[in-house]
Amino acid sequence: MPPEPAPTSGGRADVDRRGLTTLSIGHGSADFVQGALPALLPTLVAEHGWSYAMVSALVLAMTVTSSIIQPLFGVMSDRRSLSWLLYAGPILAGAGFMLVGVVQTFPVVFALVLISGVGVAGFHPEGSRFANYVSGPRRATGMSLFAVGGNVGFGLGPLAMTLALLAVGPSGTLIVGAIPILLGMGLATQGHYLRRFRPTQAQQNADRADLPEAWGPFARLAGVIALRSVIFFGLVTFVPLYFVHVLDTSDTRGSLALTAMTLVGAVGTLVGGRLADRIGRKPVLLGSMGLLTPLLVCFLLAGPTLATILLGAAGGVTIATFSLTVVMGQEYLPGRLGVASGVTLGLSIGVGGVAATLLGVLADSTSLTTVLAIIAMLPLAALALSATLPSAQKATADAAARQGFDPDGPLPRGEPAGAISRS
49 MPPEPAPTSG GRADVDRRGL TTLSIGHGSA DFVQGALPAL LPTLVAEHGW SYAMVSALVL
109 AMTVTSSIIQ PLFGVMSDRR SLSWLLYAGP ILAGAGFMLV GVVQTFPVVF ALVLISGVGV
169 AGFHPEGSRF ANYVSGPRRA TGMSLFAVGG NVGFGLGPLA MTLALLAVGP SGTLIVGAIP
229 ILLGMGLATQ GHYLRRFRPT QAQQNADRAD LPEAWGPFAR LAGVIALRSV IFFGLVTFVP
289 LYFVHVLDTS DTRGSLALTA MTLVGAVGTL VGGRLADRIG RKPVLLGSMG LLTPLLVCFL
349 LAGPTLATIL LGAAGGVTIA TFSLTVVMGQ EYLPGRLGVA SGVTLGLSIG VGGVAATLLG
409 VLADSTSLTT VLAIIAMLPL AALALSATLP SAQKATADAA ARQGFDPDGP LPRGEPAGAI
469 SRS
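End of the sequence shown sits at 471 in our numbering; the numbers just go up one at a time, nothing left out.
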């Protein structure tokens, strides 16, 4: 059987489906434990008598390590691509999570969650870098396919954790943690195929030297992502508790509502990516933030069944923008894909986990309803900040003028001028 032709890293006419399928599975396996953790929180409260603030601190531990340190991995991968993290990350994430439900002491559980988060962090910058490589010019569509793997993994995490809890109790984390380990081992067999899409180090250095960097718009985009992440992680943390303690339903009902939010969000990711390639990044981002506050206000006024439906819709419009903001960040910093991915997938999102811990303290002193009402108002601030974002073409042209680049030089990699101007 003749060997497969080597794919090229640039000039592709379409998305490489094998490559994106592999990367999406890796993304899902890494995010699987992030989704499983919130579903475990009510059980930890019941088993150990831990407060809302304590279990929220576990979300913080996962978020700090899985998100806030991602730019460090991004800087390293910009200097030297670390493709082995594509499978080592999920393996470490699963290994750390396995004992969370077995260990009885909070400091050790906290440390295990930190270890799991490091594995999640290691995967993301390199995963999104390779998603950029295999997507060709349809980067928003390709990134949405990559992102949907994470959405599905995150959405299946609560369901898997709930089933494991029903079957064997808190030690079900042994089962849940084993899943990303096995998937990561399988992904290691695809490393050779993915590495053939990677540009040479000389090409990457040339890109960094030849392309302007729009740090101002990138910083404002990071602010939008941070606000969106406070909303998302706030919902992820408090929705299961809200269903149990306010709507008076079971733990299972709350976990299923969270699963609905993330799985509908996976559909929203696919729709959002295609829309962004057709009508531009910014209109999709503005539409998402504009719809979110009405949906969350109605959620707080609804009973359990309607609340689940509205939460699914809110998840759809929120998560729909995850992939396109990564692409926007890469367009603003086209020569630093690792840093752009580390901030848009990591640091800015990590703010949400920090805020979730602060909101947990507020929930202890007020109520879950008060905290969720605050979360419902945050999209208005994100909407206002989103309105200030320029197109990638304008941002990089302005940056080029300031930094002394040739205005007729290259545009951000892979984007035709018409597509960028619609952003």
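Ideal Cβ positions, reconstructed from N, Cα and C, are used throughout, including at glycine. These numbers come from a predicted model, not from an experiment.
Cα-Cα separation between residue i and residue j, rounded to whole angstroms
| i | j | result |
| --- | --- | --- |
| Thr189 | Ala421 | 33 Å |
| Leu162 | Phe121 | 16 Å |
| Lys330 | Tyr181 | 23 Å |
| Asp446 | Ala435 | 18 Å |
| Leu222 | Leu433 | 43 Å |
| Ala430 | Gly398 | 16 Å |
| Gly58 | Asp64 | Bear in mind that a pLDDT of 42 at Gly58, under 50, signals an unreliable position, so the model cannot answer this. |
| Ala250 | Gly328 | Low confidence applies to Ala250: its pLDDT is 48, below 50, so where it sits in the model is not reliable enough to give any reading. |
| Ala324 | Ala141 | 31 Å |
| Ile423 | Ile279 | 6 Å |
| Pro218 | Pro228 | 18 Å |
| Ala474 | Ala262 | With the chain covering 49 to 471 only, the question about residue 474 has no answer from this structure. |
| Ser183 | Gln441 | 19 Å |
| Thr300 | Glu174 | 35 Å |
| Val402 | Leu416 | 17 Å |
| Phe29 | Ala449 | Any question about residue 29 goes unanswered here, given that the chain covers just 49 to 471. |
| Val200 | Thr210 | 16 Å |
| Leu344 | Ala361 | 9 Å |
| Asp355 | Leu133 | One detail in the question is off: residue 355 reads as Ala in this sequence, not Asp. Distance between the alpha carbons of Ala355 and Leu133 is about 39 Å. |
| Ala254 | Phe245 | Low per-residue confidence applies at Ala254: pLDDT is 49, beneath 50, and the placement is therefore not dependable enough to give any value. |
| Tyr380 | Phe194 | 20 Å |
| Trp98 | Leu242 | 44 Å |
| Ser114 | Ser176 | 14 Å |
| Gly377 | Gly225 | 32 Å |
| Leu318 | Ser77 | 19 Å |
| Arg326 | Val332 | 10 Å |
| Thr91 | Leu437 | 42 Å |
Residue i classed as buried or exposed, judged by whether at least 16 other C-beta atoms fall within 10 angstroms
| i | result |
| --- | --- |
| Gly351 | exposed |
| Gly302 | buried |
| Gly220 | buried |
| His240 | exposed |
| Pro455 | Since pLDDT at Pro455 reaches only 47, below the 50 mark, its modelled position is unreliable, and no value is offered. |
| Pro260 | buried |
| Thr341 | buried |
| Gly67 | buried |
| Ala215 | exposed |
| Ala267 | exposed |
| Glu127 | The sequence given here places Arg at residue 127; Glu does not occur at that position. Looking at its Cβ environment, which holds fewer than 16 other Cβ atoms inside 10 Å, Arg127 is exposed. |
| Val196 | buried |
| Ala257 | Bear in mind that a pLDDT of 47 at Ala257, under 50, signals an unreliable position, so the number given afterwards is only what the model happens to contain. Looking at its Cβ environment, which holds fewer than 16 other Cβ atoms inside 10 Å, Ala257 is exposed. |
| Leu213 | buried |
| Pro427 | buried |
| Pro265 | buried |
| Leu349 | exposed |
| Arg186 | buried |
| Phe291 | buried |
| Pro155 | exposed |
| Asp62 | exposed |
| Thr414 | exposed |
Element boundaries [alpha helix (DSSP H), containing residue i]
| i | result |
| --- | --- |
| Leu231 | 221-235 |
| Gln152 | Element bounds for Gln152: n/a, residue is neither H nor E. |
| Val278 | 263-293 |
| Phe202 | 187-216 |
| Met146 | Where Met146 is concerned, there is no enclosing alpha helix (DSSP H), given that its DSSP letter is neither H nor E. |
| Leu393 | Looking at the DSSP string, Leu393 is not in any alpha helix (DSSP H), and its letter there is neither H nor E. |
| Ile423 | 416-434 |
| Ala324 | 299-327 |
| Pro90 | 65-96 |
| Ser104 | 100-111 |
Cβ neighbours of residue i in the same chain (closer than 7 Å, five flanking residues each side left out)
| i | result |
| --- | --- |
| Gly364 | Val312, Gly313, Val315, Gly316 |
| Thr366 | Arg276, Ile279, Phe280, Gly313, Ser336, Leu340 |
| Leu359 | Val287, Ala305, Ala308, Met309, Phe347 |
| Pro119 | Val387, Gly390, Val391, Gly394, Leu395 |
Neighbourhood of residue i by C-beta, 8 Å cutoff - its chain only, sequence neighbours within 5 removed
| i | result |
| --- | --- |
| Gln152 | His96 |
| Val123 | Gly386, Val387, Gly390 |
Residues of its chain near residue i, where Cβ-Cβ distance is below 6 Å and the 5 sequence neighbours each way are ignored
| i | result |
| --- | --- |
| Thr307 | Gly203, Pro206, Leu207 |
| Ile139 | Ile229, Gly232 |
| Tyr100 | Gly408, Ala411, Asp412 |
| Ile116 | Leu395, Gly398 |
| Ala404 | Ser104, Val107, Phe281, Gly282, Thr285 |
| Gly321 | Ala188, Thr189, Ser192, Ser371 |
| Leu89 | Val103 |
Residue-chain proximity (residue i, chain C), Cβ-Cβ < 8 Å
| i | result |
| --- | --- |
| Leu406 | Checking the listed chains, one finds no chain C in this structure; it contains a single protein chain. |
> Would you call the segment 76-92 and the segment 147-166 in contact, with 3 or more CB pairs under 8 Å?
Replying inline: A contact exists between the segment 76-92 and the segment 147-166.
>> Using 8 Å as the cut-off, can you tell me whether the segment 276-294 makes contact with the segment 104-115, which would need three or more C-beta pairs spanning the two stretches below that distance?
In response: Counting Cβ pairs under 8 Å, three or more are found: they touch.
> Quick one: any contact between the segment 371-391 and the segment 265-282, if contact means 3 or more CB pairs under 8 Å?
Replying inline: Yes, the segment 371-391 touches the segment 265-282.
> Is the segment 287-301 in contact with the segment 161-176, if contact means three or more CB pairs nearer than 8 Å?
Replying inline: Contact fails: fewer than three Cβ-Cβ distances are below 8 Å.
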